[in-house]
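**Student:**
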Amino acid sequence: MFLETYVTASYEPKSDVSELAHFFAKTNSSAYERKLMPALTYLRRATLVIFVGIGSSGSLARYAARCFTNAGKVAFGLEDSNYPVNTFEIHDTVVFALSESGETPELIALVQHFQQRRCAVLSITNQSQSTLAKLSDWNFSYQLAHQRINGNYNITTQVPVVYVIETLAKRL
2 MFLETYVTAS YEPKSDVSEL AHFFAKTNSS AYERKLMPAL TYLRRATLVI
52 FVGIGSSGSL ARYAARCFTN AGKVAFGLED SNYPVNTFEI HDTVVFALSE
102 SGETPELIAL VQHFQQRRCA VLSITNQSQS TLAKLSDWNF SYQLAHQRIN
152 GNYNITTQVP VVYVIETLAK RL
């Protein structure tokens, strides 16, 4: 009953399962492994990793920072685009931006600020042609269908983001 009232006509749970099955099938390939290697190179060299995101991606940024800290890397999760980032020591810092759309103006401005300070930028987005993906030194795009409900709120699955973050953390 709850599921029936929550799900609207624009959301189809079966499509999530099919898309995730396809995503996970690709993670067992050598292409997936090759895709992760440049990110691991940046991350292993970094003395600090700052995960950034806004909204749901901000919550994921905090989670990612905790995963990396648990793995022994100094990491910080930032979900406030107005945080005084000039206080960070940026030597050997990697900024890791998370954004489903890759088009959030505040996040793009924050990333550009870090780029001006010569930080490497890694990102995970849903679309490889997004502004954030194009700004990044490394991008992982998971390419799933956008899902919106209840007045255009984004409910696109974030399972691929969590999977990639955990995979990277375990390989540091």
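Position in the sequence shown (first residue = 1) + 1 = my numbering. Just so it is clear, CB atoms sit at the ideal spot from N, CA and C, and this is done for glycine as well. As the structure is a computational prediction, the values presented were derived from the model and not from experiment.
Rounded to the nearest angstrom, what separates Ala10 and Ala98 at their Cα positions?
**Tutor:** For Ala10, the pLDDT reaches just 41, beneath the cut-off of 50, and the residue's location in the model is therefore unreliable, leaving the point undetermined.
**Student:** To which residues of the same chain is Ile55 closer than 8 Å at the C-beta, ignoring the five residues directly before and after it?
**Tutor:** Correct list, in chain order: Glu80, Ser82, Ser100, Thr105, Glu107, Leu108.
**Student:** So, at 7 Å on beta carbons, what are the nonlocal neighbours of Leu4 in its own chain, with the 5 sequence-adjacent residues on each side left out?
**Tutor:** Interpretation of Leu4 is limited by its pLDDT of 39, a score under 50 that renders its predicted location unreliable; no figure is taken from the coordinates.
**Student:** Taking the beta carbon of Gln128 as the centre, do at least 16 other beta carbons fall within 10 Å, making it buried, or is it exposed?
**Tutor:** Looking at its Cβ environment, which holds 16 or more other Cβ atoms inside 10 Å, Gln128 is buried.
**Student:** Taking the straight line between their C-alpha atoms, what separation do you get for Tyr12 and Glu167?
**Tutor:** At Tyr12 the pLDDT is 48, less than 50, meaning the model places this residue with poor confidence; the figure from the coordinates comes in the next sentence. Their Cα atoms are separated by approximately 27 Å.
**Student:** In the DSSP assignment, the beta strand (DSSP E) including Ala76 goes from what residue to what residue?
**Tutor:** Unbroken beta strand (DSSP E) run through Ala76: 76-79.
**Student:** Let me make sure I understand the geometry here. Which of Ser102, Val96, Gln144 has the alpha-carbon closest to that of Ala76?
**Tutor:** Nearest option by C-alpha distance: Val96.
**Student:** List the endpoints of the continuous alpha helix (DSSP H) containing Ala62.
**Tutor:** 57-71 is the span of the alpha helix (DSSP H), which, as asked, contains Ala62.
**Student:** Could you check the C-alpha separation between Thr158 and Ala72 for me, to the nearest Å?
**Tutor:** The straight-line gap from Cα to Cα measures roughly 25 Å.
**Student:** Could you pull out every residue in the same chain whose Cβ sits closer than 6 Å to the Cβ of Ala161, ignoring the five residues on either side in sequence?
**Tutor:** In the sequence as displayed, the identity of residue 161 is Pro instead of Ala. Taken in chain order, the residues that qualify are Phe24, Tyr143.
**Student:** Compare the Cα-Cα distances from Gln130 to each of Phe141, Val122, Ala121 and report the closest residue.
**Tutor:** Per the Cα distances, Phe141.
**Student:** Classify Tyr154 as buried or exposed, calling it buried when 16 or more other Cβ atoms lie within 10 Å of its own Cβ.
**Tutor:** Per the 10 Å Cβ criterion, exposed.
**Student:** Residue range of the beta strand (DSSP E) that Thr157 falls in?
**Tutor:** Taken as a continuous stretch (DSSP letters only), Thr157 belongs to no beta strand (DSSP E), as it is neither H nor E.
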